[in-house]
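Trainee: Residue numbers (this note's numbering), protein chains in the order written: chain A, 2 to 364; chain B, 2 to 364; chain C, 2 to 364.
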Amino acid sequence: MKQLLKELRHNPVLWLLAFVPVVLIAERVSPEAHTLLFVLSVLAIVPLAALLSHATESVAAKTGDAVGGLLNATLGNLTELVIAITALGAGEYMLVKASIAGAIVTNTLFMLGASFLLGGLKHHVQEFNRVNARIQAGLLFLATLALMIPSAISQADASTGGFTQKLSLLLAVLLIATYALSLVFSLKTHRELFASAASGGAEEAPWPMGLAVATLALSTLFVALVSEVFVESVQQAATAFGMTPAFVGFIVVALVGGAAEMTSAFAAARKNRLDLSVGIAMGSASQIALFVAPVLVLLSYVIGPSPMGLQFWPGAVVMILVATITASMMTTGGRSTWFVGVLTLMVYLTFAATLYLLPPRAL
Amino acid sequence: MKQLLKELRHNPVLWLLAFVPVVLIAERVSPEAHTLLFVLSVLAIVPLAALLSHATESVAAKTGDAVGGLLNATLGNLTELVIAITALGAGEYMLVKASIAGAIVTNTLFMLGASFLLGGLKHHVQEFNRVNARIQAGLLFLATLALMIPSAISQADASTGGFTQKLSLLLAVLLIATYALSLVFSLKTHRELFASAASGGAEEAPWPMGLAVATLALSTLFVALVSEVFVESVQQAATAFGMTPAFVGFIVVALVGGAAEMTSAFAAARKNRLDLSVGIAMGSASQIALFVAPVLVLLSYVIGPSPMGLQFWPGAVVMILVATITASMMTTGGRSTWFVGVLTLMVYLTFAATLYLLPPRAL
Amino acid sequence: MKQLLKELRHNPVLWLLAFVPVVLIAERVSPEAHTLLFVLSVLAIVPLAALLSHATESVAAKTGDAVGGLLNATLGNLTELVIAITALGAGEYMLVKASIAGAIVTNTLFMLGASFLLGGLKHHVQEFNRVNARIQAGLLFLATLALMIPSAISQADASTGGFTQKLSLLLAVLLIATYALSLVFSLKTHRELFASAASGGAEEAPWPMGLAVATLALSTLFVALVSEVFVESVQQAATAFGMTPAFVGFIVVALVGGAAEMTSAFAAARKNRLDLSVGIAMGSASQIALFVAPVLVLLSYVIGPSPMGLQFWPGAVVMILVATITASMMTTGGRSTWFVGVLTLMVYLTFAATLYLLPPRAL
Numbered sequence: 002m003k004q005l006l007k008e009l010r011h012n013p014v015l016w017l018l019a020f021v022p023v024v025l026i027a028e029r030v031s032p033e034a035h036t037l038l039f040v041l042s043v044l045a046i047v048p049l050a051a052l053l054s055h056a057t058e059s060v061a062a063k064t065g066d067a068v069g070g071l072l073n074a075t076l077g078n079l080t081e082l083v084i085a086i087t088a089l090g091a092g093e094y095m096l097v098k099a100s101i102a103g104a105i106v107t108n109t110l111f112m113l114g115a116s117f118l119l120g121g122l123k124h125h126v127q128e129f130n131r132v133n134a135r136i137q138a139g140l141l142f143l144a145t146l147a148l149m150i151p152s153a154i155s156q157a158d159a160s161t162g163g164f165t166q167k168l169s170l171l172l173a174v175l176l177i178a179t180y181a182l183s184l185v186f187s188l189k190t191h192r193e194l195f196a197s198a199a200s201g202g203a204e205e206a207p208w209p210m211g212l213a214v215a216t217l218a219l220s221t222l223f224v225a226l227v228s229e230v231f232v233e234s235v236q237q238a239a240t241a242f243g244m245t246p247a248f249v250g251f252i253v254v255a256l257v258g259g260a261a262e263m264t265s266a267f268a269a270a271r272k273n274r275l276d277l278s279v280g281i282a283m284g285s286a287s288q289i290a291l292f293v294a295p296v297l298v299l300l301s302y303v304i305g306p307s308p309m310g311l312q313f314w315p316g317a318v319v320m321i322l323v324a325t326i327t328a329s330m331m332t333t334g335g336r337s338t339w340f341v342g343v344l345t346l347m348v349y350l351t352f353a354a355t356l357y358l359l360p361p362r363a364l
Numbered sequence: 002m003k004q005l006l007k008e009l010r011h012n013p014v015l016w017l018l019a020f021v022p023v024v025l026i027a028e029r030v031s032p033e034a035h036t037l038l039f040v041l042s043v044l045a046i047v048p049l050a051a052l053l054s055h056a057t058e059s060v061a062a063k064t065g066d067a068v069g070g071l072l073n074a075t076l077g078n079l080t081e082l083v084i085a086i087t088a089l090g091a092g093e094y095m096l097v098k099a100s101i102a103g104a105i106v107t108n109t110l111f112m113l114g115a116s117f118l119l120g121g122l123k124h125h126v127q128e129f130n131r132v133n134a135r136i137q138a139g140l141l142f143l144a145t146l147a148l149m150i151p152s153a154i155s156q157a158d159a160s161t162g163g164f165t166q167k168l169s170l171l172l173a174v175l176l177i178a179t180y181a182l183s184l185v186f187s188l189k190t191h192r193e194l195f196a197s198a199a200s201g202g203a204e205e206a207p208w209p210m211g212l213a214v215a216t217l218a219l220s221t222l223f224v225a226l227v228s229e230v231f232v233e234s235v236q237q238a239a240t241a242f243g244m245t246p247a248f249v250g251f252i253v254v255a256l257v258g259g260a261a262e263m264t265s266a267f268a269a270a271r272k273n274r275l276d277l278s279v280g281i282a283m284g285s286a287s288q289i290a291l292f293v294a295p296v297l298v299l300l301s302y303v304i305g306p307s308p309m310g311l312q313f314w315p316g317a318v319v320m321i322l323v324a325t326i327t328a329s330m331m332t333t334g335g336r337s338t339w340f341v342g343v344l345t346l347m348v349y350l351t352f353a354a355t356l357y358l359l360p361p362r363a364l
Numbered sequence: 002m003k004q005l006l007k008e009l010r011h012n013p014v015l016w017l018l019a020f021v022p023v024v025l026i027a028e029r030v031s032p033e034a035h036t037l038l039f040v041l042s043v044l045a046i047v048p049l050a051a052l053l054s055h056a057t058e059s060v061a062a063k064t065g066d067a068v069g070g071l072l073n074a075t076l077g078n079l080t081e082l083v084i085a086i087t088a089l090g091a092g093e094y095m096l097v098k099a100s101i102a103g104a105i106v107t108n109t110l111f112m113l114g115a116s117f118l119l120g121g122l123k124h125h126v127q128e129f130n131r132v133n134a135r136i137q138a139g140l141l142f143l144a145t146l147a148l149m150i151p152s153a154i155s156q157a158d159a160s161t162g163g164f165t166q167k168l169s170l171l172l173a174v175l176l177i178a179t180y181a182l183s184l185v186f187s188l189k190t191h192r193e194l195f196a197s198a199a200s201g202g203a204e205e206a207p208w209p210m211g212l213a214v215a216t217l218a219l220s221t222l223f224v225a226l227v228s229e230v231f232v233e234s235v236q237q238a239a240t241a242f243g244m245t246p247a248f249v250g251f252i253v254v255a256l257v258g259g260a261a262e263m264t265s266a267f268a269a270a271r272k273n274r275l276d277l278s279v280g281i282a283m284g285s286a287s288q289i290a291l292f293v294a295p296v297l298v299l300l301s302y303v304i305g306p307s308p309m310g311l312q313f314w315p316g317a318v319v320m321i322l323v324a325t326i327t328a329s330m331m332t333t334g335g336r337s338t339w340f341v342g343v344l345t346l347m348v349y350l351t352f353a354a355t356l357y358l359l360p361p362r363a364l
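1. Take C:Leu143 as the anchor and find which of C:Ser183, C:Gly92, C:Leu49, C:Met263 has the nearest alpha-carbon.
2. Which of the residues in the stretch 173-197 of chain B, read from start to end, lie with their CB under 9 Å from any CB of chain C?
3. Counting only C-beta atoms, is B:Phe428 closer than 8 Å to chain C at any point?
4. Could you work out which residues of chain C lie near B:Arg336, taking near to mean beta carbons separated by less than 8 Å?
5. Once DSSP output is grouped into helix, strand and coil, what is the label at A:Glu93?
6. How many whole angstroms separate the CB atoms of A:Glu229 and A:Ile84, which I take to be in contact at a CB cut-off of 8 Å?
7. Compile a chain-ordered list of the residues in the stretch 132-149 of chain C whose CB is closer than 9 Å to at least one CB of chain A.
8. Can you list, in chain order, the residues of its chain with a C-beta nearer than 6 Å to that of A:Phe111? Leave out the 5 residues immediately preceding and following it.
9. Shorter than 8 Å from the beta carbon of A:Leu89 to some beta carbon of chain B?
10. Helix, strand or coil: which one does DSSP assign to A:Arg336?
11. Compare the C-beta of C:Leu322 with all C-beta atoms of chain A and state if any pair is closer than 8 Å.
12. Under three-state DSSP, which class holds A:Glu28?
13. Output the boundary residues of the alpha helix (DSSP H) element that contains C:Thr36.
14. Are the CB atoms of A:Ile105 and A:Ile281 nearer to each other than 8 Å?
15. Jot down the residue ranges of each uninterrupted alpha helix (DSSP H) in the stretch 279-357 of chain A, minimum 4 residues, whole runs only, in chain order.
16. Quick one: using the 10 Å Cβ neighbour count with 16 as the cut-off for buried, is C:Val14 buried or exposed?
17. Are the beta-carbon atoms belonging to C:Leu61 and C:Ser220 less than 8 Å from one another?
18. Please name the residue or residues paired with C:Gln127 in a DSSP beta bridge.
19. What does the Cβ neighbour count give for C:His35, buried or exposed, with the cut at 16 atoms within 10 Å?
20. Under three-state DSSP, which class holds A:Trp208?
21. Please list the partners that C:Ala290 has in chain B, where partner means a Cβ-to-Cβ separation under 7 Å.
22. Under 8 Å between C-beta atoms, does C:Leu123 make it to chain A?
23. Give me, in chain order, the residues of the same chain whose beta-carbon lies closer than 7 Å to that of B:Arg192; leave out the 5 immediate sequence neighbours on both sides.
24. Report yes or no: is there a C-beta of chain B within less than 8 Å of the C-beta of A:Leu299?
25. From the DSSP output, in three-state form, read off C:Leu113 for me.
26. Can you grab the Cα-Cα spacing for the pair B:Ser200 / B:Phe186, in whole Å?
27. Measure from the C-beta of B:Leu311 to each C-beta in chain C and report whether the shortest distance is under 8 Å.
28. Using a 10 Å radius around the Cβ and a threshold of 16 neighbouring Cβ atoms, would you call C:Asn133 buried or exposed?
29. Beta-carbon of B:Leu113 versus every beta-carbon of chain C: anything under 8 Å?
30. Based on Cα-Cα distance, which residue from A:Leu53, A:Ile136, A:Thr87 lies nearest to A:Pro306?
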């Protein structure tokens, strides 16, 4: 507790934690003030993200970067999962899918690219463990395929609804099984392949395990609560700011939803621990694709008004495919410079620009 | 001869050789008993495959893994070629193309993936010569392109029939020329690049060259004879078992047709000679794509009722493309573990599941 | 000057320089003799290309291969830029786009493949700096994406004209910004990564800087002048020779337009300076994609009859995508042999054969 207070004193960002209760109360008091709630929720998510980042680093310091990255991705994606489950219960399948696709694209392009750029501006050339990146790219490629097939078939032939649903269910099971096997591989049988390339230098003193885990859990909970306010307000606030729904779903929600992991990934990149950054960015993307998305398909049989399939809009599938190929190209060498970050971010900007300008009905 | 008998005594699988004459006689006696003939022909192919595997290993032991792999692929694909020529003579172009596409996909995904998995379950990390894999992936990519262009054009514009046929002929000649040059490259000018990474340890005593070659030739002949019975019976037996025609053409025929090479590839993977496995799997796929398929196009002018082109269904082209990309991704590092096998097999399972569930008319 | 004359005496190709004034006069005298002007212009471009090649090598000898390659690509592409600006002023947007797409495909496939083949026939295995190739492949991938998106959207929905134009403008700015950053990266912050792998052996004595730069500038000017005659005559001469417009636009114009750079690239490959060859081929392609093409989009607002967008025919986008993937695959290892050249050229031949046989209206 003392350490937490010390942290609060040293890190002015954490003062923003005051906005956490403010936004939760404001949401009760005036649930219609969308633009206000939007601003408040962003202000509240930022310090929670910073807290989460420090707690995760403390755990990671004791478990190795790869496991730390996995942990971080798991907890970070709780946010996305909670949001998506809420939307699923309300039957908002469009929003569920947009947030899944947007999270995959944002994590593989923006989070990875910005990590490369921020790390590269400080360090001339950075090295990272490419085995982990290669495995994650393979997982993402498989997941992309599993989204592509139902999408292509339902596109080619509208009368295949029942078949697409059955196929989605089967593919969802295959994806979850592959994800489980990937954990066996990275945490058990071939753990040593995921050891960090650069072990980092003198670190800040990490928190004790108990405090770190408790902070992780609590921060995640509050991120989830505040994120919900954010999602409810963002659509209407965005319209007020003149953004298209496609841009909001894919870019804004994904950026704020991933803020916690991004803070960790960027901090690690600045500290020349790019293994952790790449692990968070690509691990988070593949976890959403191979775990969150298929779990939502299965859950839709229980809590949704009707079963949800794995088919997406053609444009979303192409974006996920391009994001996967880009991430694979950029991580294949195991080395990075600031320009690799620029290239990755430019691919993201290309998508963002398209979505921003897209006429509302054309997605 | 003595060695052959000794082999028979040690390897109970070879007792199944008794089914070879049985299936050939049964086919004469009751050609309508499709389900019986199907079961008998599978039982007869398995021991022939095992025999072929041992003979090929004996030859490979004296010629180096890469050449052995090439030899194996050449002889293994005689089966596919004989089947396809029979179908070609009967004007069954649909079956010819399904068996070509299925063989490419099955060899690059199932044979390669299962080799990685079986080898990886026994050995922690396996290394292999990635130069060979890279050349084969390049050949497959070129072949995929040569199938994609006529398919896309005949898809976009149905009135381009004559043009598609002329283009297919020209592309077939380009593919055969490239294949011939690849043999000059791998067997003559740059032979040393194809040397094995790991030279294997103590092997079983290989057969003398004469016995090995004779066994190779005879086994291949019988595999061809039995395969024909198999192909005639499989379609109707499959319907009896409730499988779609697409599933039978792409998966079942390809799995049984490639059984001989698979036995060799899997045995080599278990013995930590992954060079041989990768050589068989990818060499076989590229040989079908760059040699068998274009030869069939040329032969269709001589023995077919009408010229056959290189255009395929869009779904088949996509599967071949994805298989090529997957094989390229998985072999690029020159190292493998069991999970690489799982990933490759999952891509195959995704296709198999889709074909299994696909409504009959939708391919 | 003395050195230039000595060069003229030693290199009989340069005697063809006499055709430069001949073609320029012939164009004034009989502007309708298209076939004659076509032959004369090709005869005049060849020696100019040789001169340009030698001058560039002289400059490159003093600045390092990577910078020399960049210089070469810049000056070589002046030709393409001048041709395209003339066509732009005349409102011939179809020709502008065909020459852009053709130049990208020809540089990445023909120039790169022929360099590998010519170098590989003389040297057993050649090494080159793969960092440069990887950066250029990344740039090309981004540019392909920027062409793909407007093309796909204008294909899917014809009513999105205004949107496509706005998007093209924004993407053009992104591409130019990325290109500028890539120059900062390769010439300033990470210059050392672009140093040559093999520093070449004893060279011919290079020209002094002043003469080299003057020759570069003058040759480029004359190449531009003669190229214009060539472009005006080629379409009708080609019809006389029985070639389709698509084949002329993509293959013939691009081959002759890139003759200067090709001479340099091939000469460097024969001298085992593959860094220079790869730098010219891929640098030229990425410069056309990320600099020439977007500059033309911006210029169309000033000198064109109406704004030009970045959308291309689907077939052209697919060719650019396949060319980018092929170049990326072939350069990823940093080593090359003659067969890598054969594979790359075969992809080019596949496209050339398709365009040659294509019915006029089908592109």
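Beta carbons: idealized from backbone N, C-alpha and C, even for Gly.
None of the values given here were measured: they were computed from a predicted structure.
Mentor: Reading off the structure:
1. C:Ser183
2. Leu175, Leu176, Ala178, Thr179, Leu182, Ser183, Val185, Phe186, Ser187, Thr190, His191, Leu194
3. Outside the modelled stretch of chain B, which goes from 2 to 364, sits residue 428 of chain B, for which no answer is possible.
4. Those within 8 Å of B:Arg336 in chain C number zero; the least Cβ separation is about 15 Å.
5. coil
6. 7 Å
7. Val132, Arg135, Ile136, Ala138, Gly139, Leu140, Phe142, Leu143, Leu146, Ala147, Met149
8. Tyr349
9. no
10. strand
11. no
12. helix
13. 35-64
14. no
15. 294-300, 315-332
16. exposed
17. A small fix is needed here, since residue 61 of chain C is Ala in this sequence, not Leu. No, the Cβ-Cβ distance between C:Ala61 and C:Ser220 is not below 8 Å.
18. C:Ser337
19. buried
20. coil
21. Per Cβ cutoff of 7 Å: no residues; C:Ala290 is ~20 Å from chain B at best.
22. Residue identity check: residue 123 of chain C is Lys in the sequence provided, not Leu. For C:Lys123, the answer is no, since every Cβ of chain A falls outside 8 Å of its Cβ.
23. none
24. no
25. helix
26. Only weak support exists for where B:Ser200 lies, its pLDDT of 43 falling under 50; the coordinates are left without a value.
27. no
28. buried
29. no
30. A:Thr87
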